Structures are given as C-alpha cells and as structure tokens.
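Residue numbers (the working numbering), protein chains in the order written: chain W, 1 to 313; chain S, 1 to 377. Glycine is no exception: its CB is placed at the ideal position from the N, C-alpha and C atoms. The structure presented is a predicted model; accordingly, all values stated were derived computationally and were not measured. Shown next, in structure tokens, is the structure this report addresses.
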Amino acid sequence: MYSTNPYSPAASNGDPMSPQDIRGAIFSTTRRGRRGVDENEVREFCDKIADQMTQALNQRTALEAEVRRLRDRVLGVRGETAGAAPDEAQAQAVNVLTMAQRTADRYVADAQDYSRELAQDAHLRHDEILREAQVRASIILDEAHAAAQAAADMVPASRETGLSGDGTVPPGSDAELAYLRAFSQVCRTHLRAYLDSLSKSIEEWERAEQQGLASARTSAPAHGAPAPAHGAPAPAHAPAPVHAPAPARDAGPVGVGPGHAARGAGQDTSFRDAAGPGSGDGPMVPRYATGPQGMVRTGDFGTDVGSPPMSDG
Amino acid sequence: LDPQRLRESFAHVAAHGDEVALFFYSHLFLNHPELRDMFPISMAVQRDRLLSALGHIVAEAADTERLVPFLQGLGRDHRKFGTIAAHYPAVGDSLLSTLAYFSGDAWTPDLAQEWTQAYELIAEVMSNAAGEAEQDEQPAWWDAVVIGQERRTMDITVLKVSPTRPLPFVPGQSVAVECRMRPRLWRYYSPANAPREDGTIDFHIRLIDGGAVSPALARLAGVGTRLRLGSPVGTLTLDTTSPRDVLLAAGGTGLAPLKAIAAHAAALPNPPRVHLVFGARRAADLYDLAAVEKLAARWPWLTVTAVTSHDPGFDGEQGSVADAAARFLLRDPRMITHYDAYICGSPDMAAATAGRLEQVGLPREQVFTEDFGGSGE
Numbered sequence: 001m002y003s004t005n006p007y008s009p010a011a012s013n014g015d016p017m018s019p020q021d022i023r024g025a026i027f028s029t030t031r032r033g034r035r036g037v038d039e040n041e042v043r044e045f046c047d048k049i050a051d052q053m054t055q056a057l058n059q060r061t062a063l064e065a066e067v068r069r070l071r072d073r074v075l076g077v078r079g080e081t082a083g084a085a086p087d088e089a090q091a092q093a094v095n096v097l098t099m100a101q102r103t104a105d106r107y108v109a110d111a112q113d114y115s116r117e118l119a120q121d122a123h124l125r126h127d128e129i130l131r132e133a134q135v136r137a138s139i140i141l142d143e144a145h146a147a148a149q150a151a152a153d154m155v156p157a158s159r160e161t162g163l164s165g166d167g168t169v170p171p172g173s174d175a176e177l178a179y180l181r182a183f184s185q186v187c188r189t190h191l192r193a194y195l196d197s198l199s200k201s202i203e204e205w206e207r208a209e210q211q212g213l214a215s216a217r218t219s220a221p222a223h224g225a226p227a228p229a230h231g232a233p234a235p236a237h238a239p240a241p242v243h244a245p246a247p248a249r250d251a252g253p254v255g256v257g258p259g260h261a262a263r264g265a266g267q268d269t270s271f272r273d274a275a276g277p278g279s280g281d282g283p284m285v286p287r288y289a290t291g292p293q294g295m296v297r298t299g300d301f302g303t304d305v306g307s308p309p310m311s312d313g
Numbered sequence: 001l002d003p004q005r006l007r008e009s010f011a012h013v014a015a016h017g018d019e020v021a022l023f024f025y026s027h028l029f030l031n032h033p034e035l036r037d038m039f040p041i042s043m044a045v046q047r048d049r050l051l052s053a054l055g056h057i058v059a060e061a062a063d064t065e066r067l068v069p070f071l072q073g074l075g076r077d078h079r080k081f082g083t084i085a086a087h088y089p090a091v092g093d094s095l096l097s098t099l100a101y102f103s104g105d106a107w108t109p110d111l112a113q114e115w116t117q118a119y120e121l122i123a124e125v126m127s128n129a130a131g132e133a134e135q136d137e138q139p140a141w142w143d144a145v146v147i148g149q150e151r152r153t154m155d156i157t158v159l160k161v162s163p164t165r166p167l168p169f170v171p172g173q174s175v176a177v178e179c180r181m182r183p184r185l186w187r188y189y190s191p192a193n194a195p196r197e198d199g200t201i202d203f204h205i206r207l208i209d210g211g212a213v214s215p216a217l218a219r220l221a222g223v224g225t226r227l228r229l230g231s232p233v234g235t236l237t238l239d240t241t242s243p244r245d246v247l248l249a250a251g252g253t254g255l256a257p258l259k260a261i262a263a264h265a266a267a268l269p270n271p272p273r274v275h276l277v278f279g280a281r282r283a284a285d286l287y288d289l290a291a292v293e294k295l296a297a298r299w300p301w302l303t304v305t306a307v308t309s310h311d312p313g314f315d316g317e318q319g320s321v322a323d324a325a326a327r328f329l330l331r332d333p334r335m336i337t338h339y340d341a342y343i344c345g346s347p348d349m350a351a352a353t354a355g356r357l358e359q360v361g362l363p364r365e366q367v368f369t370e371d372f373g374g375s376g377e
C-alpha cells in the first residue's frame with residue numbers, strides 16, 4: 001500500500017494514486033551538472049492537486065450514497081405497490097401469457113366444436129335423405145312392376161304367347177311389350193315429378209342464398225349466408241358471357257356446386273369431383289336398369305366402379 | 001443420476017396437469033419470443049405431447065437401452081420443426097424453472113442439480129442424433145407437391161403427391177404431413193403404396209369433423225398444393241422372414257398402410273398368400289374397393305373380402321371387420337396359426353379385431369397393429 005512505502009513517481013506502476021501519495025511523493029534528486037526543478041514549487045503543486053482530488057473523492061462518495069438511497073426508494077415503492085420481488089414479477093408475466101394462450105386455445109376449440117357439430121348434423125341429414133330416397137325408390141319400383149304386371153295381364157290370353165305357367169312374362173311376347181310400356185310410363189312419371197321437385201329445391205337454394213347475401217351486406221357476417229350446403233356463395237353459378245370462355249378453373253363439367261367453386265385454382269378437373277349439395281358424387285338420380293327384372297342399384301352412390309385415374313403398384 | 005427420485009419429483013409436478021405445460025411454454029416464449037413462431041396458434045395438442053414425452057422419458061429413465069433410441073428418434077424428428085442445437089439450453093432453462101415452480105418446497109439445490117444433469121443428458125443425446133442426421137445429409141423434411149386429387153366419398157380424398165427428393169420408406173410406415181393451409185400442424189399419414197420408381201406417394205385422407213388438418217387436406221388441397229413430409233416412422237411393416245401367410249384387416253382409411261404391405265408382398269420373389277378384409281359402415285365408404293379388386297385380379301395370391309357394418313343393401317359380407325376376419329380364419333380351423341395378421345383402423349376397430357383374432361386362436365405374437373390410425377385429431 002502507498003501509506004507504508006513512500007510514493008516514487010519514477011517507480012509508478014499505474015496503480016491509482018491517493019491524495020496521500022501525491023503529498024508524500026519523493027522525487028529523486030538530479031545528478032550534479034544537470035538542471036533540476038524547484039522542489040518547493042513541485043511540493044506546492046502536488047498539494048494543490050491533492051486538495052482537489054480529496055474534494056472529488058468526497059463528492060463521489062456522497063453521490064454513491066445518494067444513488068443507493070434513491071435506488072432503495074424506487075425498489076421500495078415497487079415492492080409496496082406490487083408486493084413482488086423480481087422473481088415473482090417473472091412468474092406473473094408467465095401467468096399473463098398463460099391466460100392469453102388459454103383464451104386463444106378456447107377460441108380455436110370452440111370453433112372446432114362448432115364445425116364438428118355442423119358436420120355431424122350434415123352427416124345425419126345425408127344419411128336420412130339417402131334412406132328416404134331408397135325407400136321411395138323401392139316404392140316407385142314396386143308400383144311400376146305392379147302396373148306393368150297389370151298391363152301384361154290385360155293382353156288377351158288367346159294369343160299363344162301369353163303368360164307362361166309360372167305367371168312371369170315370357171320374353172318377346174306382346175305381354176312383355178305391354179309390361180315394358182307400362183313400366184317405363186310409371187318411371188317417366190316419377191322421374192318428371194322428381195325433376196320438378198329438384199328444380200324447386202334449386203330455386204329455394206338460390207332464394208336462400210340471395211337473402212343470405214343481402215343480410216350479410218347489412219349485418220355483420222358472423223355466420224355467413226344461410227345457404228344450404230357450405231354457406232359460401234358460388235361464383236361458378238354466375239352465368240358466363242356466351243363468347244368469353246370461362247376461366248379453366250370454373251369450367252369443369254361438374255362445376256355446379258359451391259363445394260367445387262370454393263376450391264382453389266389449378267384444379268385438375270379430369271378427376272371425379274364433388275358435384276351437388278346433396279351427395280358427394282354426382283346427381284342423386286338413382287340408376288334404373290329397365291326391364292322386368294330391373295333393380296335399383298341403391299348401394300353404389302359414391303363407389304367408383306369406373307377406372308380410378310390413379311394407377312396402383 | 002437417481003431415476004427413482006426423478007420419477008417421484010415428476011409425478012409430484014405432473015399432478016398439476018395442463019398447468020405444467022402451460023407454464024413451461026409461457027416461460028419459454030417470454031424469455032425467447034423468437035421461438036413462438038415454431039408452434040401452432042392453439043397449443044392444446046402440443047401441451048399433451050410435451051407432458052407425455054416427458055412422462056415417457058422419466059418412466060424409462062432407468063432403461064437406457066430403450067430410452068436412448070427414443071431420444072435419438074425425438075432429436076432427429078425435431079429437425080422438421082426447425083429445432084437447432086442452440087434451442088436446447090433455452091428449453092432446459094424453462095423446464096428447470098417450471099419444475100422449480102411446481103415443486104414448491106420440495107425443490108432443493110440437490111434436486112435442481114439432479115434435474116439439470118438429467119436434462120443435459122437428454123439434450124445431448126437428442127442434439128447429437130440430430131447432428132448425425134445432419135452430417136449424413138438426411139433431410140429434416142421433404143418438400144412435396146400434390147399432383148393428383150380425387151374425392152372418393154363425401155369425406156375421403158386420395159392425394160397423390162410427388163416429393164422433390166426421393167423419400168425412402170418401408171411399406172406400412174407413416175410420415176408426418178404439414179400443409180401450407182395449416183402451418184406447424186403435423187399429422188401422420190401412411191403412404192398407400194410401396195416406394196415407386198417415380199417416387200410418388202398416395203395418401204388416403206379421411207376428413208375428421210371438426211379436425212384442424214384433415215378438412216384442409218381433404219377439401220382445400222388440390223393439384224399444386226405444397227406439403228412438407230417428415231421422416232418415415234412406424235413398425236407396422238411386413239415381416240418378410242415369416243413363413244406364414246398374411247391376413248390384412250383394414251377399417252376405412254386404415255386400408256392405406258395395408259395396401260402398401262400388399263404391394264410390398266408383390267415385390268417379393270415368393271409372395272405369401274395375402275387375404276385383405278376391407279370394411280366400412282356403408283358400401284359407399286369402401287372408397288378404394290375397385291382399386292384393390294383390380295390388384296387382386298392381377299395378383300393371384302391376393303384375395304379380398306369387403307364387409308359393411310351398416311348397409312343391409314350391400315351384397316358383400318355383413319358385420320364388422322373383426323367378424324369378417326374371424327370368419328375368414330375359421331373357414332379352416334387347422335390353418336389359423338398359419339397366419340400373420342396386420343390390423344389398421346380406428347383404435348376401437350383395431351382393439352376389437354386383435355381381440356377377436358386371438359380369441360379364435362391366432363397367437364398374440366402373430367397379430368400386428370399400431371394405434372395411430374393416421375389422424376391424431
């Protein structure tokens with residue numbers, strides 16, 4: 001320490017000086033024949049420096065105390081209002097973020113629940129419609145067969161090609177002709193009625209959509225238009241100008257439903273596509289196989305018996 | 001390390017349930033906001049995963065033979081999320097703080113030390129495995145593009161995708177799929193084919209009502225949609241060393257991995273006899289029956305039974321897949337033990353079918369199943 005050994009400027013090693021060091025500094029004397037400085041002047045000068053340094057150090061100590069006092073006060077104020085140490089502040093921030101995350105999670109979960117309910121409801125109705133259609137189809141068919149049978153029975157039995165012994169209609173006979181004519185007559189009637197009801201449904205759909213659009217314009221679009229299938233307006237419905245070819249993405253041969261129109265550009269329309277609001281696979285017209293032994297193939301909506309576009313292997 | 005002590009400590013913390021993972025992620029994101037973007041908006045599924053992974057690690061802490069491969073797989077797998085070595089200490093800090101917070105008075109410097117060491121070990125194994133995968137130039141993920149989209153039913157779509165780099169997999173495995181429409185949400189799907197010359201892959205997507213990802217894949221994805229695929233995982237693959245014949249039991253889109261297994265068999269010099277039972281609720285839901293029947297016409301060793309559970313009008317078999325599979329085995333009771341059975345479908349269907357096959361006499365070790373049916377939603 002400086003206090004034990006007299007300070008020598010020549011031997012100074014860069015340690016910080018104290019005012020005592022300056023006051024007590026010993027300068028080595030010059031060798032004879034060379035000019036030195038006045039020792040008294042040096043001493044006086046050093047005293048002056050030491051005084052100023054003392055002042056500066058005192059000032060620093062006071063300032064440090066002041067900083068400490070202020071810092072304590074600031075922390076004290078924070079502690080009084082929040083009652084929290086820094087560690088706890090971190091825990092609180094974590095809790096705030098946790099709450100925000102939880103809220104976001106709930107919104108997403110609610111939206112998913114809502115869409116799940118909607119979809120499940122749609123599935124149920126889909127099943128119901130299919131079941132009804134199957135029942136109706138078999139009633140129509142029974143009716144057609146009964147009418148056809150009655151017509152065949154009316155054919156005079158005098159002709160040698162009448163009913164065969166077991167009551168069925170032998171092929172190529174007049175009775176068969178009468179049977180087929182009556183059968184197709186009944187089927188045509190039903191088909192016409194069915195088409196009428198289909199076009200009525202489409203009109204209703206369009207009306208609902210327009211109402212939906214109108215209400216969406218006036219009110220907040222919270223739930224969108226009450227359109228039947230997907231609630232989205234279907235741009236594919238807009239009549240295209242006759243001479244302007246429609247853009248490729250809307251030009252698919254089965255682009256009649258909102259499901260189709262809602263999908264993005266660049267679709268490969270060569271693939272089988274969703275068509276209408278009712279079924280996922282084309283118009284819901286049952287396939288009739290004509291003829292006395294005709295069957296309504298009710299089981300195969302949706303099963304693609306054609307060749308799938310994708311190869312396997 | 002003291003596995004018993006870690007287990008007890010974790011059990012104490014895990015008793016707080018969802019709170020634990022909530023705290024963990026909030027802590028992590030507060031200290032490293034840049035990491036938030038690596039996660040989806042809704043964190044509910046993520047939290048379950050974190051807790052179950054931690055639980056798994058702690059439960060297996062004593063069994064390094066099993067734990068190390070699990071951690072290595074986890075480390076490699078995390079590359080597809082964009083995880084890098086620098087993330088591990090950040091996660092460690094938040095994990096330790098979380099454990100401390102929920103341990104309360106039980107948290108001693110001693111226990112902290114124990115957990116710190118355990119985490120450092122875990123992080124080391126994971127990041128080493130990731131680093132090795134990096135050095136072997138295994139991709140963290142594969143970019144792919146949809147080149148074919150076919151809606152087979154109201155809620156089943158078949159996507160044909162083409163990865164930009166070859167994606168090697170074993171038929172029956174699955175890969176995680178992420179699509180642009182639902183970023184940071186990955187769902188597992190099985191390729192429905194064996195690896196092809198042109199590298200293309202078919203995915204059978206079933207739309208799950210209210211699901212986050214499957215509706216987007218089933219309805220929004222079209223030709224040109226870009227996907228990311230993770231590395232193949234899973235063990236439901238054909239045992240090519242088995243001398244036995246093969247029974248495949250598929251429920252719905254559970255068909256995908258089993259169709260791939262059939263294609264795998266086709267590539268063998270001596271294919272086993274393979275019988276596929278393909279079941280659905282209604283005939284309309286047998287979305288790929290035409291294709292598998294075509295395969296059966298081409299491969300004489302493959303036979304197919306279609307079965308519906310809710311379609312009295314269907315002219316195939318009636319009942320559950322379990323029913324049809326058991327009927328198939330019982331048609332020749334002496335031959336039951338000569339089969340390996342592979343099952344894929346909903347968890348309920350898989351459990352019911354496995355149970356039924358064991359019940360009719362198929363040894364348990366010849367029944368293979370995997371309990372993710374390709375969704376996780």
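Within the same chain, show all residues whose beta-carbon is closer than 8 Å to that of residue i, passing over the 5 residues directly before and after it, in chain order.
{"i": "W:Q101", "result": "none"}
{"i": "S:F102", "result": "H12, V13, H16, E19, V20 and F23"}
{"i": "S:L289", "result": "F278, V304 and A306"}
{"i": "W:V305", "result": "Bear in mind that the predicted position of W:V305 carries a pLDDT of just 33, short of 50, making it unreliable; the figure below should be weighed with that in mind. No residues qualify anywhere along the chain."}
{"i": "S:L98", "result": "As written in the sequence, residue 98 of chain S is Thr, which differs from the Leu given in the question. V13, V20, F23, F24 and H27, listed in sequence order."}
{"i": "W:A244", "result": "Model confidence at W:A244 stands at a pLDDT of 37, short of 50, so the residue's coordinates are unreliable; what they give is reported in the following sentence. Closer than 8 Å at Cβ, skipping near neighbours: no residue."}
CB-CB under 7 Å to residue i, same chain, minus the five flanking residues each way: which ones, in chain order?
{"i": "S:G319", "result": "V307 and S309"}
{"i": "S:R180", "result": "T225 and R226"}
{"i": "S:Q4", "result": "none"}
Tell me the DSSP bridge mates of residue i?
{"i": "S:G279", "result": "S:G251 and S:V307"}
{"i": "S:G148", "result": "S:K160"}
{"i": "S:R187", "result": "S:V177"}
{"i": "S:E317", "result": "S:V307"}
{"i": "S:D245", "result": "S:Y339"}
{"i": "S:W142", "result": "S:L229"}
{"i": "W:L180", "result": "Looking at the DSSP assignment, W:L180 forms no beta bridge with any residue, so it has no partner."}
{"i": "S:V274", "result": "S:V246 and S:L302"}
Which residues bound the alpha helix (DSSP H) around residue i?
{"i": "S:L378", "result": "Nothing about residue 378 of chain S can be reported from this structure: the residues present for chain S run from 1 to 377 only."}
{"i": "S:A284", "result": "First-last for S:A284: undefined, no H or E at that position."}
{"i": "W:I26", "result": "W:I26 -> no alpha helix (DSSP H), and no H or E assigned at all."}
{"i": "S:G131", "result": "P109 to Q135"}
{"i": "S:A293", "result": "Note that residue 293 of chain S corresponds to Glu in the displayed sequence, not to Ala. Note, S:E293: alpha helix (DSSP H), L289 to R298."}
{"i": "S:L6", "result": "P3 to A14"}
{"i": "S:A194", "result": "No alpha helix (DSSP H) holds S:A194; DSSP gives it neither H nor E."}
{"i": "S:T353", "result": "P347 to Q359"}
Can you find the residues in the same chain that come closer than 6 Å, C-beta to C-beta, to residue i, ignoring five residues on each side of it along the sequence?
{"i": "S:D311", "result": "R282 and A283"}
{"i": "W:A148", "result": "Y179, A182 and F183"}
{"i": "S:D340", "result": "S242, R244, V246 and Q366"}
{"i": "S:Y88", "result": "A123 and S127"}
{"i": "S:E178", "result": "W186 and R228"}
What first and last residue would you give for the beta strand (DSSP E) that runs through residue i?
{"i": "S:L159", "result": "I156 to P163"}
{"i": "W:V37", "result": "Unbroken run through W:V37: none, as it is neither H nor E."}
{"i": "S:H27", "result": "Here S:H27 belongs to no beta strand (DSSP E); instead the alpha helix (DSSP H) covers D18 to N31."}
{"i": "S:T369", "result": "V367 to T369"}
{"i": "S:I201", "result": "I201 to R206"}
{"i": "S:A341", "result": "Y339 to C344"}
Scan the segment 209-241 of chain S and note each continuous alpha helix (DSSP H) run of 4 residues or more that stays entirely inside, going in chain order. none
Whole alpha helix (DSSP H) runs in the segment 28-89 of chain S with 4 or more residues, listed along the chain? 44-59 and 64-77
Pairing CB atoms from the segment 35-54 of chain S with CB atoms from the segment 109-118 of chain S, are three or more of them under 8 Å? no
At a cut of 8 Å, does the segment 361-371 of chain S reach the segment 270-281 of chain S through at least three beta carbon pairs? no
Three-pair Cβ contact test at 8 Å for the segment 163-174 of chain S versus the segment 231-241 of chain S: yes
Validate contact between the segment 201-218 of chain S and the segment 248-257 of chain S using beta carbons, cut 8 Å, 3 pairs: yes
Decide yes or no for the touch test of the segment 258-267 of chain S against the segment 188-195 of chain S: beta carbon pairs closer than 8 Å, at least 3 of them. With a cut-off of 8 Å, the segment 188-195 of chain S and the segment 258-267 of chain S count as touching, because enough Cβ pairs lie within range.
For the segment 145-161 of chain S against the segment 214-221 of chain S, are there 3 or more C-beta pairs whose distance is under 8 Å? yes
Under 8 Å: do the segment 328-343 of chain S and the segment 129-144 of chain S share three or more Cβ pairs, one atom per stretch? no
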